[in-house]
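Residue numbers (numbering that gives the first Met the number 0): 0 to 450.
Even for Gly, the Cβ is constructed at its ideal location relative to N, Cα and C.
All values derive from a computational prediction rather than experimental measurement.
The structure appears below as structure tokens.
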Amino acid sequence: MSRFRSLLSLLPLLAVACAAPATDRRPERPNLVVLFADDLGYGDLGCFGHPIIRTPNLDRMAAEGTRFTQFYSASPACTASRYSLLTGRLAARSGFAWVLVPSSPRGLHAAERTLADELREAGYATAAVGKWHLGNRPEFLPLAHGFDEYLGLPYSNDMLPPRWPPIPPLEGDKEVESGPDQSTLTRRYTERALSFIDRNRDRPFFLYLAYAMPHVPLHPGAAFAGRSPRGAYGDAVEEIDWSVGRILDRLRRLGLAERTLVLFTSDNGPWIIKGLDGGSAGLLRDGKGSTWEGGMREPAIFWWPGTVPAGRVERAVASTLDLFPTALELAGRPLPEPGRGRNGAVLDGRSILPLLLGRGAPEDRPFFYHGPGHVLHAVRLGRWKLHLKTSSQTGKEYFEGRVPLLFDLERDPSETRDLAAEEPEVVARLTALAAEHEREVAEHGSFWDRG
Ligand code: MG
């Protein structure tokens, strides 16, 4: 009996031990790799439903990891979305133009804390490879913002002569050539990424690889040009797929797969006004530059064998704003106070570690859609999305330009049936949320505005 009793007393301990999933044994300070496509649409990967473009490596990544189907970029434009990914802050707080051009006087302010600043302080090696687009003066470039090394183009691959000087590819902050052969970019970026991984295999690292493609002008590499039935756009996406495959293979071969979180996603939706040179948002409305779902909802795959469950689909809402707090939590750098960064700046994201571990949905929180000029266009809470303003690069006035518009994104992900007249209480609640958000953003201002 006494033996039975002592066994009974062990039961709670056993229950705790059995309930603790393998994911609790995840390594401290895992590596972080962010693979960021440019202007790739929600519908452009095999594992997100494209019928023609071949993406076997990304499909395998999804089968070995978790695919998010309601994952957003924080902005439908290149510059703003990169700012948000790297700072965890809405670009309405950046103090610079929606899209920067080579002559822009402002860029990433010296007081901003980037993911690279934070992870470097946690002992990580840090590298940026590819498109930067957060200002091209030395004080705005990656080396001034936490990255140990940089190879890439400081702004968009379509800012070209005669309007602009030839694009200078940079090594660190030094120009290494002028007007590069863009068809070599994906291959060169991949080689640099592999070299960085090789050189830092024995310590934590953060790799931010921002591809130039499939942003127009499309320049797939020689080994890919002319191969996809989908044309040059398909070629460019298939080359990115090849690149992702090489990077994941290298992580596996070095024994780093179980110590590395990899995110693949895109900076904004497809550039649909470019016709067949632009991508597809699948079942979502519109594309780049617009706050309709096609402009900001992106394909997203998280991969971390042994920690992020394999073959899962996550339907909770999340965004690139969440990467910053999630990475800090993984690196053992809790935020000093809720919602605030170390520099006193407002942070907009939340850690999505529970979602990555497959442990259920967080509480509902609003997601704000900022359109051209960082103007608040729409807000989502749970299944509901309220448009207060709309715009499209196509010039189309959907719903005759009427606002507000209310959609149930779960029943109607394509935003076809306006329910504003039927759900006045929801409209009122989301309108109040939007007004409160605008007040808060205006109150805090940017580092530039503080002088
Ligand atoms: Mg883009």
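Taking its Cβ as the centre, do 16 or more other Cβ atoms sit within 10 Å of residue i, making it buried, or is it exposed?
{"i": "Ser-391", "result": "buried"}
{"i": "Leu-282", "result": "exposed"}
{"i": "Leu-320", "result": "buried"}
{"i": "Leu-275", "result": "exposed"}
{"i": "Ala-231", "result": "buried"}
{"i": "Val-175", "result": "exposed"}
{"i": "Ile-51", "result": "exposed"}
{"i": "Gly-278", "result": "buried"}
{"i": "Asp-116", "result": "buried"}
{"i": "Val-215", "result": "buried"}
{"i": "Arg-66", "result": "buried"}
{"i": "Arg-358", "result": "exposed"}
{"i": "Glu-313", "result": "buried"}
{"i": "Ser-441", "result": "Residue identity check: residue 441 is Ala in the sequence provided, not Ser. Classification of Ala-441: exposed, given that the 10 Å Cβ count is below 16."}
{"i": "Lys-130", "result": "buried"}
{"i": "Gly-288", "result": "buried"}
{"i": "Pro-161", "result": "exposed"}
{"i": "Lys-273", "result": "buried"}
{"i": "Phe-398", "result": "exposed"}
{"i": "Pro-423", "result": "exposed"}
{"i": "Ala-16", "result": "The pLDDT assigned to Ala-16 is 38, lower than 50, so where the model puts this residue is not dependable; a value taken from the coordinates is nonetheless given after this. Counting Cβ neighbours within 10 Å, Ala-16 comes out exposed, since fewer than 16 surround it."}
{"i": "Ala-192", "result": "buried"}
{"i": "Ala-434", "result": "exposed"}
{"i": "Arg-88", "result": "buried"}
{"i": "Asn-342", "result": "exposed"}
{"i": "Thr-185", "result": "buried"}
{"i": "Gly-268", "result": "buried"}
{"i": "Ala-420", "result": "exposed"}
Counting only C-beta atoms, is residue i closer than 9 Å to chain B at any point?
{"i": "Ser-289", "result": "Here there is only one protein chain, and chain B is not present."}
Could you tell me how far apart the beta carbons of residue i and residue j are, in whole angstroms, since I believe they sit closer than 8 Å?
{"i": "Thr-113", "j": "Val-98", "result": "Incorrect: roughly 19 Å between the Cβ atoms, too far for contact."}
{"i": "Phe-35", "j": "Leu-208", "result": "7 Å"}
{"i": "Tyr-154", "j": "Asn-135", "result": "6 Å"}
{"i": "His-376", "j": "Thr-290", "result": "4 Å"}
{"i": "Leu-309", "j": "Leu-354", "result": "The residue you asked about is not Leu; residue 309 is Ala in the sequence shown. Contact doesn't hold; Cβ gap of about 15 Å is too wide."}
{"i": "Leu-418", "j": "Val-402", "result": "With a Cβ gap of about 13 Å, Leu-418 and Val-402 do not count as contacting."}
{"i": "Pro-324", "j": "Leu-356", "result": "With 8 Å as the limit, Pro-324 and Leu-356 do not qualify as a contact, their Cβ atoms being about 15 Å apart."}
{"i": "Ser-80", "j": "Asp-266", "result": "4 Å"}
{"i": "Leu-385", "j": "Leu-84", "result": "The pair is not a contact, with the Cβ atoms about 25 Å apart (cut-off 8 Å)."}
{"i": "Ala-90", "j": "Ala-62", "result": "Going by Cβ atoms, the distance from Ala-90 to Ala-62 rounds to 33 Å, so no, they are not a contact pair."}
{"i": "Ala-76", "j": "Leu-152", "result": "Actually they do not touch by this definition, with Cβ atoms about 17 Å apart."}
{"i": "Leu-255", "j": "Asn-30", "result": "6 Å"}
{"i": "Gly-286", "j": "Trp-270", "result": "6 Å"}
{"i": "Pro-203", "j": "Arg-28", "result": "4 Å"}
{"i": "Phe-70", "j": "Thr-264", "result": "6 Å"}
{"i": "Phe-205", "j": "Leu-118", "result": "4 Å"}
{"i": "Leu-408", "j": "Pro-365", "result": "Incorrect: roughly 13 Å between the Cβ atoms, too far for contact."}
{"i": "Pro-101", "j": "Trp-163", "result": "5 Å"}
Which residues in the same chain have their Cβ closer than 7 Å to the Cβ of residue i, if we skip the five residues on either side of it in sequence?
{"i": "Glu-190", "result": "none"}
{"i": "Glu-414", "result": "Arg-284, Trp-291, Glu-292, Phe-406"}
{"i": "Ser-177", "result": "Pro-165, Pro-167"}
{"i": "Glu-439", "result": "none"}
{"i": "Pro-228", "result": "Ile-51"}
{"i": "Arg-226", "result": "Asp-234, Glu-237"}
{"i": "Val-374", "result": "Lys-388"}
{"i": "Phe-139", "result": "Gly-106, Leu-107, Leu-133"}
{"i": "Arg-311", "result": "Thr-65, Gly-357"}
In chain order, what residues of the same chain lie with their CB nearer than 6 Å to the CB of residue i, ignoring the 5 residues before and after it?
{"i": "Ala-360", "result": "Ala-315"}
{"i": "Gly-64", "result": "Ile-300, Phe-301, Trp-302, Val-307"}
{"i": "Arg-25", "result": "Thr-306"}
{"i": "Ala-127", "result": "Pro-141, Phe-146, Tyr-149, Tyr-207"}
{"i": "Arg-53", "result": "Glu-237"}
For residue i, collect the residues of the same chain with a Cβ closer than 8 Å to its Cβ; drop the 5 residues on either side in sequence, then sort them by chain order.
{"i": "Pro-333", "result": "Leu-327"}
{"i": "Arg-339", "result": "Val-345, Leu-346"}
{"i": "Asp-197", "result": "Arg-249, Leu-253"}
{"i": "Arg-187", "result": "Leu-150"}
message = Pairs of beta-carbons, one from the stretch 50-68 and one from the stretch 237-245, closer than 8 Å: are there three or more?
response = yes
task = Inspect the CB distances between the stretch 225-240 and the stretch 300-317 and report whether three or more fall short of 8 Å.
result = no
task = Could you say if the stretch 110-127 and the stretch 363-381 meet the contact criterion of at least three C-beta pairs nearer than 8 Å?
result = Counting C-beta pairs with one atom in each stretch, the stretch 110-127 and the stretch 363-381 have fewer than three that are closer than 8 Å, which means they do not touch.
task = Give a yes or no on contact between the stretch 163-173 and the stretch 104-111, applying the rule of three or more CB pairs nearer than 8 Å.
result = No contact exists between the stretch 163-173 and the stretch 104-111.
request  = Decide if the stretch 342-355 is in contact with the stretch 319-329; the criterion is three or more beta carbon pairs, one per stretch, under 8 Å apart.
outcome  = yes
query = Just checking, does the stretch 283-298 make contact with the stretch 38-45 on the three C-beta pairs under 8 Å criterion?
reply = Enough Cβ pairs lie closer than 8 Å, so yes.
ask   = Contact between the stretch 126-135 and the stretch 81-99: three or more CB pairs below 8 Å?
value = Three or more beta-carbon pairs separated by less than 8 Å link the stretch 126-135 to the stretch 81-99, which places the two stretches in contact.
query = Three or more C-beta pairs closer than 8 Å, one from the stretch 220-231 and one from the stretch 251-265: is that the case here?
reply = no
ask   = What does the shell around the ligand MG hold, if a residue joins when its beta-carbon is under 6 Å from any heavy atom?
value = Chain-ordered list of matching residues: Asp-37, Asp-38, Cys-77, His-214, Asp-266, Asn-267.
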